[in-house]
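Going down the list, the sequences are from chains A and B. Going by my numbering, 193 is the number at position 176 of the first sequence; the sequence numbering is gapless. Going by my numbering, 35 is the number at position 18 of the second sequence; the sequence numbering is gapless. Built from N, CA and C at the ideal position, the CB exists for glycine as well. Take a look at the structure below.
2 protein chains.
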Amino acid sequence: MATSAFKIAAIQMRCTDDADRNLATAEKFIRKAAKSGARMACLPELFRSTYFCQTEDHSKFQLAEPVPGPTTKALAGLSRELEIVIVGSVFERRAAGVYHNTAVVLDADGSLAGMYRKMHIPDDPLYYEKFYFTPGDLGFQAIDTECGRVGTLVCWDQWYPEAARLTALQGAIVLAYPTAIGWHPSEKKKWGASQLSAWQTMQRSHAIANGVYVAAVNRVGHEGPKKGGIEFWGGSFICDPYGRVLAEARGDREEVIIAECDPSVLETARQHWPFLRDRRIDAYAPILKRTLEKP
Amino acid sequence: MATSAFKIAAIQMRCTDDADRNLATAEKFIRKAAKSGARMACLPELFRSTYFCQTEDHSKFQLAEPVPGPTTKALAGLSRELEIVIVGSVFERRAAGVYHNTAVVLDADGSLAGMYRKMHIPDDPLYYEKFYFTPGDLGFQAIDTECGRVGTLVCWDQWYPEAARLTALQGAIVLAYPTAIGWHPSEKKKWGASQLSAWQTMQRSHAIANGVYVAAVNRVGHEGPKKGGIEFWGGSFICDPYGRVLAEARGDREEVIIAECDPSVLETARQHWPFLRDRRIDAYAPILKRTLEKP
């Protein structure tokens, strides 16, 4: 495992109903990232389709595929050719009736370095993921690659400090969050700014609390009925272990953003902000309870 | 326990070497807060003295006092008179050789509703707290008052998502963080903005992740040698369960800030951002380990 600095790219893209076109878009941007010197590229959540979880529709299970399968194979070819690590996202068919929202990591030689099945599954209006995805049972994952160890988490996971902690403690240099999040257009005026701020705040907090880089990779564009649907808010960003945003995408366009992840910065950050030193592991056991309110 | 909305005040003040003067300052601002309709007032960490942890000095143990003791007695008189809940902070002498950094809660009738002994103790240049304070052994605390349940945490705790989670899960409406944090003047130019931003980001993230109000209460002013010491950065704030800052103090002056804590807003926030619903308590056990890196 390399421990030197490397450039990471977050690929913010639009997604359509054409799986091949989406793969071509991803490929175009991964090539661009590699050309710019990135050694790791991260794609948004479920990038091969529009965000189908806006409805509960049995026909959408057709979109699922095995891991390894067509998407990992395509990404593997690209990672081998460009010698770049790719963090991808797959609607995984594990068995008839068992589907997952899965992050996959292709190493720079095209091998499947590892996978992570989304542990926290949302279910909210237009985000009906509990209908489609079985919660992950691989636990939290930090995966070794030629760039170093990458922690994979997916979208809803980003609201859970436990997920970031358990991934970072495994030695991840960077936590990568493939994401599909946006506004209900009817709510945007009142809630848009605070929702976006909360989303960024949570992920910056994971970087700070754990002394780790974070890459949040969202899609962009409006999907669904014109007077409804979801306006994906983009805003992909990469921040350092102090929570400083190093690179940030706009909200309204496809974009590749690149920043450097330097393990020596991570080590210095943890020496100066030594939060991991003082964790009260003797006192955290009740975190395994659903609530601590007395009945 | 009341479950209606109430106003909370964060009292940002300067602290001097004169314990009586500091108490008088606290009293002045608590009266002001009560007059403005606040039903709960929170004081900064160790408000009865300058921040003595800048050096390791045995003579400073003279500042310690029991709980209950002079400070809780003085605050109790005030809370009874004004019918206001007070979150205070005491350098606690528990026994010869056993001292704590303790948050105390005086209920609106002057009774000592509860106490919390700081669980996470820092030790960094000019913050030599491990010399003075035994880490708390009461665990995390949410304390019932006439306003509702208040979670008490202290300064360094603010960097620990586990602390916020374990306190919020007990049903706290608001997490109160008495704090003494500032810049090393020599670092301010390079690091000041990112340190302050990280501090605010972490505490806003606790509000968001847990769907709870947060009140961060810092002191203000420079203490210590002119060419050194600590410039306490003020910036006290109160945020809502969406992480929106409702009130914020400046960095350079004493100030009372006030905001409303409404349990019904908290409940609505948790229904719309249902993070507590989906926690993977089956998968969090490794959080009780120091690290998960393989040797």
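Buried or exposed (CB count within 10 angstroms, at least 16 for buried), residue i
i: S106/B; result: buried
i: I28/A; result: buried
i: P142/B; result: exposed
i: T72/A; result: exposed
i: K90/A; result: exposed
i: R270/B; result: exposed
i: Q79/B; result: exposed
i: D174/A; result: buried
i: R296/B; result: buried
i: P83/A; result: exposed
i: E100/B; result: exposed
i: H75/A; result: exposed
i: Q280/B; result: The sequence shown places Pro at residue 280/B, not Gln. Result: buried.
i: A233/B; result: buried
i: D257/A; result: buried
i: A26/B; result: buried
i: K24/B; result: buried
i: R38/A; result: exposed
i: S21/B; result: exposed
i: G114/B; result: exposed
i: E179/B; result: buried
i: G112/A; result: According to the sequence provided, residue 112/A is Ala. The question's Gly does not apply to it. A112/A is exposed by the Cβ-count criterion.
i: R294/B; result: exposed
i: P61/A; result: buried
For residue j and residue i, believed in contact at Cβ under 8 Å, the rounded distance
i: I190/A; j: V167/A; result: 7 Å
i: Y259/B; j: A286/B; result: 6 Å
i: L123/B; j: A81/B; result: Not quite, the Cβ-Cβ distance comes to about 19 Å (not below 8 Å), so this is no contact.
i: A50/B; j: I304/B; result: The Cβ separation is near 37 Å, so there is no contact.
i: M132/B; j: V121/B; result: 5 Å
i: L186/B; j: T308/A; result: 5 Å
i: A36/A; j: I103/A; result: Not a contact, Cβ separation roughly 17 Å.
i: L155/A; j: V229/A; result: Between V229/A and L155/A the Cβ distance is about 20 Å, and since that is not below 8 Å, they are no contact.
i: E240/B; j: Y68/B; result: 6 Å
DSSP bridge partner residues for residue i (one or two, in chain order)
i: V115/B; result: A112/B
i: Y149/B; result: The partner list for Y149/B (beta bridge, DSSP) is empty, contrary to what the question assumes.
i: V104/B; result: C59/B, V122/B
i: R261/B; result: Paired residue(s): none; R261/B is not in a bridge.
i: T169/A; result: Q158/A, A193/A
i: Q29/A; result: E272/A
i: M132/A; result: V121/A
i: K24/B; result: A55/B, E277/B
i: D141/B; result: Y144/B
i: G199/B; result: F249/B
i: F254/A; result: A233/A, E265/A
i: E240/A; result: I247/A
i: E82/A; result: E109/A
Nearest-angstrom Cα separation, counted from residue j out to residue i
i: V262/B; j: D126/A; result: 47 Å
i: N118/A; j: K52/A; result: 29 Å
i: F150/A; j: Y116/A; result: 5 Å
i: K306/A; j: I298/B; result: 6 Å
i: D140/B; j: G268/B; result: 24 Å
i: K311/A; j: S211/B; result: 39 Å
i: E248/A; j: H223/A; result: 25 Å
i: I163/B; j: A130/B; result: One detail in the question is off: residue 163/B reads as Glu in this sequence, not Ile. One C-alpha to the other measures close to 10 Å.
i: P87/A; j: Q217/A; result: 32 Å
i: S203/B; j: A264/B; result: 29 Å
i: G252/A; j: N235/A; result: 7 Å
i: A197/B; j: F108/B; result: 13 Å
i: A349/A; j: H289/A; result: The shown model of chain A, from 18 to 312, leaves out residue 349/A, and the question about it has no answer.
i: M18/A; j: V237/A; result: Residue placement at M18/A is flagged as unreliable, the pLDDT there being 46, under the threshold of 50; the coordinate-derived value follows with that caveat. Near 33 Å, if we compare the C-alpha coordinates of V237/A and M18/A.
i: D161/A; j: S66/B; result: 50 Å
i: F148/A; j: R97/B; result: 54 Å
i: E272/B; j: E146/B; result: 26 Å
i: A181/A; j: G209/B; result: 26 Å
i: Y144/A; j: H201/B; result: 46 Å
i: K206/A; j: L213/A; result: 12 Å
i: P291/A; j: I47/A; result: 36 Å
Task: Under 8 Å (Cβ pairs) to chain A, residues found in the segment 26-51 of chain B - done: none
TODO: Check distances from the C-beta atoms of the segment 275-302 of chain B to those of chain A and list, in chain order, the residues that come in under 9 Å.
DONE: H289, W290, P291, F292, L293, R294, D295, R296, R297, I298, D299, A300, Y301, A302
- [ ] Taking only beta carbons into account, state which residues of the segment 179-211 of chain B come closer than 7 Å to chain A, listed in chain order.
- [x] E179, R182, L183, L186, Q187, G188, S211
Task: Residues, ordered as in the chain, of the segment 220-240 of chain B that lie near chain A by beta-carbon distance below 7 Å - done: R221, S222, I225, A226
Task: Contact list for the segment 125-138 of chain B against chain A, Cβ threshold 7 Å - done: M136, H137, I138
Task: chain B contacts made by the segment 71-94 of chain A, where a contact means CB separation under 7 Å - done: none
Open item on the list: Against chain A, which members of the segment 239-260 of chain B pass a CB distance test of less than 7 Å?
Closed with: Y259, G260
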